[in-house]
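Colleague:
Number of protein chains: 4
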Amino acid sequence: MEAPEPPMRRPAVPAADALIGVRRPLLSHGFVVLVDYMGDDAAVVQAARVSYGAGTRTVRDDRGLIRYLLRHGHTTPFEMVELKFLIRLPIYIARQWIRHRTASVNEYSARYSVVPDEYELPAPGEVHRQSARNRQGRGEPLDLAVGESFRADVDRISQEAYQAYQRALSQGVARETARMLLPVSFYTQWYWKVNLHNLFHFLSLRLDP
Amino acid sequence: MEAPEPPMRRPAVPAADALIGVRRPLLSHGFVVLVDYMGDDAAVVQAARVSYGAGTRTVRDDRGLIRYLLRHGHTTPFEMVELKFLIRLPIYIARQWIRHRTASVNEYSARYSVVPDEYELPAPGEVHRQSARNRQGRGEPLDLAVGESFRADVDRISQEAYQAYQRALSQGVARETARMLLPVSFYTQWYWKVNLHNLFHFLSLRLDP
Amino acid sequence: MEAPEPPMRRPAVPAADALIGVRRPLLSHGFVVLVDYMGDDAAVVQAARVSYGAGTRTVRDDRGLIRYLLRHGHTTPFEMVELKFLIRLPIYIARQWIRHRTASVNEYSARYSVVPDEYELPAPGEVHRQSARNRQGRGEPLDLAVGESFRADVDRISQEAYQAYQRALSQGVARETARMLLPVSFYTQWYWKVNLHNLFHFLSLRLDP
Amino acid sequence: MEAPEPPMRRPAVPAADALIGVRRPLLSHGFVVLVDYMGDDAAVVQAARVSYGAGTRTVRDDRGLIRYLLRHGHTTPFEMVELKFLIRLPIYIARQWIRHRTASVNEYSARYSVVPDEYELPAPGEVHRQSARNRQGRGEPLDLAVGESFRADVDRISQEAYQAYQRALSQGVARETARMLLPVSFYTQWYWKVNLHNLFHFLSLRLDP
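Chains as they are written, first to last, in the UniProt record's numbering: chain A, 1 to 209; chain B, 1 to 209; chain C, 1 to 209; chain D, 1 to 209.
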């Protein structure tokens, strides 16, 4: 049988190693940071060759084979690569993100722990109009005055909600009950581990304009 | 080969038919209602017998076989039964519920549609103390005065947030942006379709005191 | 909130009801038969509308909406429809089929039950040459003489293997051990339950020439 | 918020590093070898602490926390660890193994590649009787004479089948057709990548006597 002799040490990717632990800031208080990974280009190629046989060996180099797999929807070899991130993000984004069911997730629990006083505040210039043609999207930016008024409302509501949340906790209300006061502008945090095939799928859906 | 002759019509369960479309109210504004189902006891039994063979036929009746399967963790036959619910529930509960990845879900979208003015309001007598021994749970009820004050805070914050939400929409702010004002006390709604094995697992985790 | 009032009875599809229990023969001894189903066009449309909102109601009829969903890759509403089949097929096909992980399966067990004497025999005219350009596929039909010789080999090997299998069973060898004699030309059988989205995906991969 | 500062390099487990590339023989021609891994004890602990909060930090050390998680069925933190194996195994075992749907698999393809002449041959002393009390299992060993006769049958059938397979290939029959001659005693090979939670579940089912 095709007897691939697997190497005696696990593969490493210097470009990924350089990213580990480096926070990339997002929005007001959020970030994404790579925490761990598994697999490299060769892991994809090995998996493809065990499935697609010796013939794939001679005709193409690794780069060409990977492009071939992507182009033809041979997605299973990409499952051999895994990425794990720590992500801090507002609840209203987390609610959409979690709909992708093909990842492993451990989220900060507002039942176990006190939610910190961090909420998303949009810049006044980034408050957009409802799109006229895309019912689920945004159109052009609104007047700065509208943006400022909206931002002020988010700020005020979030602060009042957090004060009420703290008051409830100080009066002994259970954390799992008190949290119902908080707007979805508040931040949560999770470990999110996903294989490369599912990450590609996630990105192709979420980067769609 | 074992040649089970499948019947010429799909199985029906009168007890389930009687539940379809009947809303069961939950919390302030929520409900659960069975919308559709597939499979019956015989579907579980057939699946078990195709897997576990002719020998299972003689020794046990259907009821006994189903109990045997459950007791021994032979869970795949229970995947042959499917249930679909329409559920209205507060966002803070939806956030935990959705962590179970083995269901099909279509949720009301606050990007496409305006969120209605419905939020959870706990009864003053049902506001509980943080549990002393279970870090993620509730203990005894608090004084009624604390419950009333908490309920008043939830009511006030939710109303102010909803007014700001409506103002933002009236000024043309995109729905996907305006929603960040709303507390997790507000309601959402989804179709939730799950097989019986996964429903049992969900219930065993969620009914755990 | 959008308050869809679900109907008081589960949806039925007359065209599907007419297919239930009707075996469609495949290969030498195989078949596919629809055993049960759940959901109809309206189930897809309802799910889409709860997600995509009231706006989808006015602009499109059901047929148009379903086409729109398919075209734009909005696949989750198709998960609301479920189909269950009983399928008899040779092991060498079952081995590829089972690689699709998104179905519920209960397969005939050769550990519990005796494998019946049924194996696939290709018609002499349907034995094809290895494809010159597709390393995993077939090319043109071979000479009838080659087809006849191949068919005779399959027949002879399968019969000898089955005789040895029966001899082993008669001498008391455990079924789970004796089965190792049987070629992958032999038939197995399973219940296969899958939602419509995953069925479409399965078909798009398997019908690819 | 709990702000775990993830380390700047990915975790390594010396005990796992020492196993990478070391084949562990199984049956006549099979083996299991660890090819890659991701995560360590700390990865499980971090994930648990982000979910279960600061309180878990003081009361327990890592070892105690991991035992606590296992005992209480808090399984998601174990999904943070991933293992990848290369496994060679007979088809009749592969058929059961693949029923576990929660892994990533790339299998040697008998459509792309020629199946090598390797099949399982049981030792005469290891041919067991059908169990009297467990319909899917084995009982006591049979007489050596029965074991020898069974082994001889497996050997003869497998050899004849392989000769016919080679003849078919030499006459130009497509690999995907010719393979139907081969018994399930023949070997296949795959990469199998699974997270630790699913590996535990797999083992608990498969090690059950």
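Glycine residues also receive a C-beta, built at the ideal position from the N, C-alpha and C atoms.
Which parts of the region 19-97 of chain A are runs of the alpha helix (DSSP H), unbroken and 4 residues or longer, counting only runs that do not cross its ends?
Modeller: You should have 41-52, 55-59, 62-71, 91-97.
Colleague: At 7 Å on the CB atoms, spell out the chain D contacts of Y52(A), in chain order.
Modeller: Result: S109, Y112.
Colleague: Mapping the DSSP letters down to three states, classify V115(D) as helix, strand or coil.
Modeller: Looking at V115(D) - three-state DSSP - the assignment turns out to be coil, as it is neither helix nor strand.
Colleague: I'd like the span of the alpha helix (DSSP H) that includes G147(A), first residue to last.
Modeller: Note, G147(A): alpha helix (DSSP H), 144-170.
Colleague: Excluding five sequence neighbours on each side, which residues of the same chain lie with their C-beta closer than 6 Å to the C-beta of H197(B)?
Modeller: Here the set comprises T75, F78, E79.
Colleague: Report the option in V146(D), T188(D), H201(D), N195(D) whose CA atom is closest to the CA atom of G30(D).
Modeller: Ranking V146(D), T188(D), H201(D), N195(D) by Cα distance to G30(D) puts T188(D) first.
Colleague: Identify the residues that DSSP records as bridge partners of Y187(D): which are they?
Modeller: Answer is P90(D), bridged to Y187(D).
Colleague: Would DSSP call S204(B) helix, strand or coil?
Modeller: Note: S204(B) maps to helix in three-state DSSP.
Colleague: Assuming A103(A) and K193(A) are in contact, meaning their beta carbons sit under 8 Å apart, how far apart are those beta carbons, in whole angstroms?
Modeller: Rounded, the Cβ-Cβ distance is 6 Å, consistent with contact.
Colleague: With a cut-off of 8 Å, does the C-beta of I87(B) fall near any C-beta of chain A?
Modeller: Output row for I87(B): interface = no.
Colleague: Using a cut-off of 7 Å between C-beta atoms, extract the partners of Y92(C) located in chain D.
Modeller: Within chain D, the residues near Y92(C) are R179, M180.
Colleague: For V184(D) and chain A, any beta-carbon pair shorter than 8 Å?
Modeller: No, because no Cβ of chain A sits closer than 8 Å to the Cβ of V184(D).
Colleague: Rounded to the nearest angstrom, how far is the Cβ of A94(A) from that of P183(B), given a contact under 8 Å?
Modeller: Actually they do not touch by this definition, with Cβ atoms about 15 Å apart.
Colleague: Determine, for E148(B), whether the minimum Cβ-Cβ distance to residues of chain A falls below 8 Å.
Modeller: Judged by the 8 Å Cβ criterion, E148(B) is not in contact with chain A.
Colleague: Quick one: list the residues of chain D neighbouring G172(C), beta-carbon separation under 8 Å, in chain order.
Modeller: What G172(C) touches in chain D: R129, Q130, L142, V146.
Colleague: Chain C partners of Q159(B), CB-CB under 9 Å?
Modeller: Neighbours of Q159(B) on chain C: none; closest Cβ ~17 Å, over 9 Å.
Colleague: Considering only residues of the same chain and omitting the five flanking positions on each side of R179(C), which have a CB-CB separation below 8 Å?
Modeller: Hits under 8 Å: A110, R111, V115, Y165.
Colleague: Do the region 5-23 of chain A and the region 12-32 of chain D touch if we need at least three Cβ pairs shorter than 8 Å?
Modeller: Flag = yes, the region 5-23 of chain A and the region 12-32 of chain D touch.
Colleague: Here's the rule: buried if 16 or more other CB atoms are within 10 angstroms of the residue's CB, otherwise exposed. What is R175(C)?
Modeller: Under this definition R175(C) is a buried residue.
Colleague: Straight-line CA distance for H72(D) to V50(D)?
Modeller: Going by the C-alpha atoms only, they are around 17 Å apart.
Colleague: Would you mind reading off the limits of the alpha helix (DSSP H) that contains R175(A)?
Modeller: Its alpha helix (DSSP H) spans residues 175-178.
Colleague: Would the beta-carbon of R129(D) fall within 8 Å of that of G172(C)?
Modeller: Cβ distance < 8 Å, so R129(D) and G172(C) count as in contact.
Colleague: By how many angstroms is the C-alpha of Y92(A) removed from the C-alpha of E82(A)?
Modeller: C-alpha separation (whole angstroms): 26 Å.
Colleague: Could you please tell me which residues of the region 15-46 of chain C, in chain order, have their CB closer than 8 Å to any CB of chain D?
Modeller: The region 15-46 of chain C vs chain D, Cβ under 8 Å: nothing.
Colleague: Taking 8 Å as the CB-CB cut-off, is E79(B) touching chain C?
Modeller: Yes, because at least one Cβ of chain C sits closer than 8 Å to the Cβ of E79(B).
Colleague: Just verifying my parser: in three-state terms, what is the DSSP assignment at H128(D)?
Modeller: Reduced to three states, the DSSP call for H128(D) is strand.
Colleague: Could you give the distance in angstroms between the alpha-carbon of K84(D) and the alpha-carbon of N195(D)?
Modeller: Approximately 9 Å between the Cα atoms of the pair.
Colleague: Under three-state DSSP, which class holds N134(B)?
Modeller: Coil.
Colleague: Using three-state DSSP, classify P122(A) as helix, strand or coil.
Modeller: The answer is coil: DSSP assigns P122(A) none of H, G, I, E or B.
Colleague: Assuming F186(B) and P90(B) are in contact, meaning their beta carbons sit under 8 Å apart, how far apart are those beta carbons, in whole angstroms?
Modeller: About 7 Å separates the two Cβ atoms, so the contact holds.
Colleague: Please name the residue in S158(D), Y52(D), V32(D), E5(D) whose C-alpha comes closest to that of N134(B).
Modeller: Of S158(D), Y52(D), V32(D), E5(D), the residue nearest in Cα terms is Y52(D).
Colleague: Where D155(C) and L181(D) are concerned, what is the direct C-alpha to C-alpha distance, given to the nearest angstrom?
Modeller: Roughly 9 Å between the two C-alpha positions.
Colleague: Quick one: what's got a C-beta closer than 7 Å to T177(A)'s C-beta in the same chain, skipping five residues either side?
Modeller: Nothing meets the Cβ criterion.
Colleague: Taking any Cβ of chain A, which residues in the region 189-202 of chain D have a Cβ under 9 Å from it, in chain order?
Modeller: Listed by position, the residues of the region 189-202 of chain D near chain A (Cβ gap below 9 Å) are Q189, W190, Y191, K193, N195, H197.
Colleague: For R88(A), count neighbouring Cβ atoms within 10 angstroms of its own Cβ and tell me buried if that reaches 16, exposed if not.
Modeller: So R88(A) counts as buried.
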